[in-house]
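Engineer: Residues in the sequence shown are numbered consecutively from 1, following full-length UniProt numbering.
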Amino acid sequence: MNSRSSTAAPAQTQGVSVHRHAVPPARNVWVSRAGRIGLRLIVPLLLLAAWWAMSRTPINGLFIADPAAAFGRVFQDYLSANPRDFFLGPVAQEHFLPSITRALAGLALAILVGVSLGVALGVVPVLAALFQPLIHLGRSLPSPALLGVFFFLFGTGDSPKIFLIAFSVVWPILFNTIHGVESIGANRAQAAAVFKIRSRDVLFRILLPGASPKIFAGIRTALALSLIVMIISELQRSENGLGYLLLSTQRDFDYTGFWAVLIVLALVGVTFNFVFTIIERRALAWHRGATDQHD
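(1) Going by C-alpha distance, which of D158, R198, G210 is nearest V181?
(2) Out of F276, I263, L284, point me to the one whose CA is closest to P67's CA.
(3) Which residues does DSSP list as the beta-bridge partners of L107?
(4) Measuring CB to CB, does P172 end up less than 8 Å from I232?
(5) Looking at C-beta atoms only, is the number of pairs between the segment 62–77 and the segment 122–132 that lie closer than 8 Å three or more?
(6) By DSSP, does L284 sit in helix, in strand, or in coil?
(7) If we cut at 8 Å on Cβ distances, does A128 have a partner in chain B?
(8) Drop a sphere of 10 angstroms on the beta-carbon of H95, count the other beta-carbons inside from all chains shown, and report buried for 16 or more, exposed for fewer.
(9) Go through its chain and collect everything with a Cβ distance to L134's Cβ below 6 Å, but skip five positions before and after it.
(10) DSSP on L235, reduced to helix/strand/coil?
(11) Tell me which residue opens and which closes the alpha helix (DSSP H) that S168 is part of.
(12) Looking at C-alpha atoms only, which residue of L246, L265, S238, A217 is the closest neighbour of F276?
(13) Could you pull out every residue in the same chain whose Cβ sits closer than 7 Å to the Cβ of L284, ignoring the five residues on either side in sequence?
(14) Three or more C-beta pairs closer than 8 Å, one from the segment 103–118 and one from the segment 234–245: is that the case here?
(15) Consult DSSP for L88 and reduce its assignment to one of helix, strand or coil.
(16) How about I165 and S226: are their beta carbons less than 8 Å apart?
(17) Between the alpha carbons of N240 and V202, how many angstroms are there, rounded?
(18) Sorted by chain position, which residues of the same chain lie with C-beta nearer than 7 Å to L223's C-beta, five sequence neighbours on each side aside?
(19) Bridge partners of L134, per DSSP?
(20) Grouping DSSP H, G and I as helix and E and B as strand, with all else coil, what is L141?
(21) List the residues that DSSP assigns as beta-bridge partners of L79.
(22) Is S140 near the ligand GDP, in the sense that its beta carbon is under 7 Å from a heavy atom of that ligand?
(23) Should L242 and S99 be called a contact, given that it needs their Cβ atoms to be closer than 8 Å?
(24) Roughly how many whole angstroms lie between the Cα atoms of V91 and S80?
(25) Can you tell me where the alpha helix (DSSP H) holding D66 begins and where it ends?
(26) Which residue wins for smallest C-alpha separation from residue 297, given the options G61, Q76, V268, A34?
(27) Determine the DSSP secondary structure at F216, reduced to helix, strand or coil.
(28) Nearest-angstrom Cα distance between T221 and H179?
(29) Between which residues of its own chain and F253 is the CB-CB distance below 7 Å, once the five residues before and five after are set aside?
(30) Between the beta-carbon of G118 and the beta-carbon of T177, is there less than 8 Å?
(31) Answer yes or no: do F163 and F150 have a C-beta to C-beta separation smaller than 8 Å?
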C-alpha cells in the first residue's frame with residue numbers, strides 16, 4: 001500500500017505541474033501580442049523608409065514628397081479642431097465626404113441588387129439559365145470604358161458616378177450569392193416544403209443565413225473595388241472628390257498634396273476593411289461556432 005501511494009503521489013504532482021505550465025501567464029500573452037504587432041509594423045516601416053530615401057534623391061525628390069511634409073499636409077487639409085465640423089478640415093468637407101458618399105452609395109446599391117437578384121437566380125434555375133448570357137456579358141465589359149455612357153445616360157452629377165460604381169462592383173456579390181444559395185442544396189428546400197415552412201421564413205432563416213459566408217466574401221471584394229472605381233469616376237467631369245483632387249494636384253505640380261491624397265486613400269481602405277471585418281465577425285459568429293463543432 002505504501003509503495004503504491006508513493007508511486008501515485010509523484011504522478012499526481014507531476015500532472016498538477018504540467019497543468020500549471022500548460023496555462024500561459026498573462027505576461028507571455030502580452031509578449032506574444034506585442035510580437036505580432038511588431039511583425040505587422042515591419043513592412044510599413046520599411047515602406048516609409050524607402051519613401052523617405054527616394055524623396056531625398058535629386059531626381060525623384062522633385063516628384064516624391066517628403067513623408068513628413070505629406071503627413072503634415074494631411075493634418076492641415078483634412079483635419080480640424082472644430083467639433084462642429086466633426087474635426088474635418090475644408091479639403092475633407094469639399095472632396096473627402098463626397099467621394100466616400102459616392103462609394104458607399106454605389107456599394108449599397110450593388111449589395112441590394114446583387115443579393116436580391118442572386119437569391120432569385122439561385123432559387124429558380126430557369127431564370128439563371130435565361131439571364132446567364134446577359135450576366136456574363138455585363139461582367140466582361142470594362143467599367144472604366146463605360147464612364148462616358150453613364151455620363152450620357154444620367155448627366156454629370158453624382159448619379160452617373162454612383163451607378164458606375166454599383167455596376168462595377170455588383171458582379172462578385174451577384175455570383176457569390178448565386179453560388180451560396182445553390183450550395184445550400186435541394187434537401188433543405190425539400191425539408192422546408194415537407195414541414196410547410198413559409199417562404200419568408202425560408203428566405204430569412206435558411207437561404208440568406210446559409211449563403212451569408214459567400215455573400216460577405218463577395219462584399220469584401222466589392223468594397224475594395226468601390227474605392228478604385230470611385231477614383232476613376234471622378235477623373236472626368238467632376239468638380240470635387242479625391243479623384244478630382246489627384247488630377248488637379250498633378251496639374252498644379254502640387255506633389256505634396258498629391259501624396260497627401262494617396263495617404264488619405266490608404267487610410268480609408270484600411271479603415272473600411274477594419275470596420276467590415278468587425279461586422280463580418282459578428283454577423284458570421286454562428287457560422288464559426290458551427291464550423292468549430294464539426295472540425
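No residue lacks a Cβ here, since even glycine has one placed at the ideal position from N, Cα and C.
Structural biologist: The short version:
(1) Across the set D158, R198, G210, the C-alpha of G210 shows the shortest separation from the C-alpha of V181.
(2) Comparing Cα-Cα distances from P67 to each of F276, I263, L284, the minimum goes to I263.
(3) Answer is none; L107 lacks a bridge partner.
(4) Going by beta carbons, P172 and I232 fall outside the 8 Å limit.
(5) Touching, no.
(6) Correct three-state label for L284: coil.
(7) Absent from the structure: chain B. Only one protein chain is present.
(8) Classification of H95: buried, given that the 10 Å Cβ count is 16 or more.
(9) Cβ within range, chain order: n/a, list empty.
(10) It is coil, neither helix nor strand.
(11) Annotation for S168: the continuous alpha helix (DSSP H) segment containing it runs 158–184.
(12) For the residues L246, L265, S238, A217, the minimum Cα distance to F276 belongs to A217.
(13) Apart from the 5 residues on each side of it in sequence, L284 sits with its Cβ closer than 7 Å to the Cβ of S212, P213, F216 in its chain, given in chain order.
(14) No, the segment 103–118 is not in contact with the segment 234–245.
(15) Looking at L88 - three-state DSSP - the assignment turns out to be strand.
(16) Taking a C-beta distance under 8 Å as the contact criterion, I165 and S226 qualify as a contact pair.
(17) Put simply, the backbone Cα of N240 is about 45 Å away from that of V202.
(18) In chain order, L107, F272, F276 place their CB closer than 7 Å to the CB of L223, counting only its own chain and leaving out the 5 sequence neighbours on each side.
(19) Looking at the DSSP output, L134 bridges to nothing.
(20) The answer is coil: DSSP assigns L141 none of H, G, I, E or B.
(21) Residue pairing for L79: DSSP places it in a beta bridge opposite L88.
(22) By its list of ligands, the structure shown contains no ligand whatsoever, and the ligand GDP lies outside what it can speak to.
(23) Closer than 8 Å, so yes.
(24) Their Cα atoms are separated by approximately 10 Å.
(25) Annotation: D66 is outside any alpha helix (DSSP H) and is labelled neither H nor E by DSSP.
(26) Outside the displayed span of the chain (1 to 295) sits residue 297, for which this structure offers no information.
(27) Residue state for F216 is assigned as helix, using DSSP reduced to three classes.
(28) Between T221 and H179, the C-alpha separation is close to 15 Å.
(29) Correct list: empty, nothing qualifies.
(30) With respect to the 8 Å criterion, G118 and T177 are classified as neighbours on the basis of their beta carbons.
(31) The beta carbons of F163 and F150 sit closer together than 8 Å.
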